[in-house]
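If you're matching positions, the sequence shown starts at 92 in this note's numbering and goes up one per residue.
Note that CB positions come from ideal geometry on N, CA and C, so glycine has one too.
In this text, all values refer to a predicted model and were calculated from it rather than measured experimentally.
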Amino acid sequence: MLLSFPDNFRACVIGASGAIGAAFVTQLRDDPRCHSVVALHRNSSPSIDLTDEKSIASAAQVLQEMGPFHLIIHAAGILHSKDFMPEKKLGDLHFSQIQATFMVNTFGPAIVLRHFSKLLDKKRGVLALLSAKVGSIEDNRLGGWYSYRASKAALNMLIKTAAIELKRSQPNSVIVALHPGTVNSDLSQPFRGAEIGRPAMQAASEMLQVLDSLRLDDSASFVAYSGERLPW
């Protein structure tokens, strides 16, 4: 149960059709203090497509009538597809893969930041976007995964920059990058996710507890599911 949000708080999960997003929705709907949860994905109503700027703006416009929201979680992302796997070396780099990865992991979330940050409650509003520890430039010791690492590093910069701006116009908003750790999901499946990953429900519960603990001075932070602060 989330205690830092008011009774009957409203939540929104973007990317709710994925394993982690769906787990967030389930956990929030089971919280007796949560009034409502809007679950957004490509086939929801309204729908949202991170490769289509107009769909993001339109979804936010519809949600204006349902808000304000106390908690918004962006849980969508891409690591691989039927057309590509993470690059192991420079020789694997291709423009199409870089573009596809940035579109979902960086460009789409940037437009989400633009439109959905306006929906946050003025007294207590938390906007968390799932990032990844491998997006930390300082923590990069293994190399590889060029497109994914770079897209998440760029996302982190967007989040921190937006948090600095919103601190002036929306002083009670908390904007963070959130590292989910390894979760048993389609994203991690080719990388032994079923063996080494945590169940999505467990991961969502851990991350919600972290989000519940955030205070105003935590805005513009890069936090892990464990509560650890990660280097940008």
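**Message:** Could you tell me the alpha carbon to alpha carbon distance between Leu302 and Ser238, rounded to whole angstroms?
**Reply:** As a working mapping, residue 302 is identified with position 211 in the sequence shown. As a working mapping, residue 238 is identified with position 147 in the sequence shown. Going by the C-alpha atoms only, they are around 28 angstroms apart.
**Asked** Are at least three pairs of beta-carbons, each pair with one atom in the stretch 212-229 and one in the stretch 150-162, less than 8 angstroms apart?
**Response** Enough Cβ pairs lie closer than 8 angstroms, so yes.
**Message:** Closest to Val265 by C-alpha separation, out of Ile250, Gly272 and Asn275, would be which residue?
**Reply:** Here residue 265 refers to the residue found at position 174 of the sequence shown. Measuring from the Cα of Val265, the nearest candidate turns out to be Ile250.
**Prompt:** Taking Cβ to Cβ, would you say Ser310 is nearer than 8 angstroms to Lys258?
**Reply:** If you number the sequence shown from 1, residue 310 lands on position 219. If you number the sequence shown from 1, residue 258 lands on position 167. Yes, the Cβ-Cβ distance between Ser310 and Lys258 is below 8 angstroms.
**Distance between beta carbons of His165 and Leu220, contact taken as under 8 angstroms** = Here residue 220 corresponds to residue number 129 of the sequence shown, with the count starting at 1. Here residue 165 corresponds to residue number 74 of the sequence shown, with the count starting at 1. The Cβ separation is near 4 angstroms, so the contact holds.
**Asked** Anyone know if the C-beta pair for Phe313 and Leu321 falls short of 8 angstroms?
**Response** The count along the sequence shown starts at 1 and reaches residue 313 at position 222. The count along the sequence shown starts at 1 and reaches residue 321 at position 230. Contact flag set, yes.
**Request:** Quick one: give me the first and last residue of the alpha helix (DSSP H) that His206 is part of.
**Result:** Within the sequence shown, numbered from 1, the residue matching residue 206 stands at position 115. It spans Gly199 to Phe207 - the alpha helix (DSSP H) in which His206 sits, taken as one unbroken run.
**Message:** So, under 8 angstroms CB-CB, Ala114 and Ala244 are touching, yes? Tell me the CB distance rounded to an integer number of Å.
**Reply:** Reading the sequence shown from its first residue, position 23 is the one you call residue 114. Reading the sequence shown from its first residue, position 153 is the one you call residue 244. Ala114 to Ala244, Cβ: 26 angstroms. No contact.
**Request:** Look up Phe96 in the DSSP assignment and say whether it is helix, strand or coil.
**Result:** Counting from 1 along the sequence shown, the entry for residue 96 is found at position 5. In the structure shown, Phe96 sits in coil (DSSP, three-state: anything other than H, G, I, E or B).
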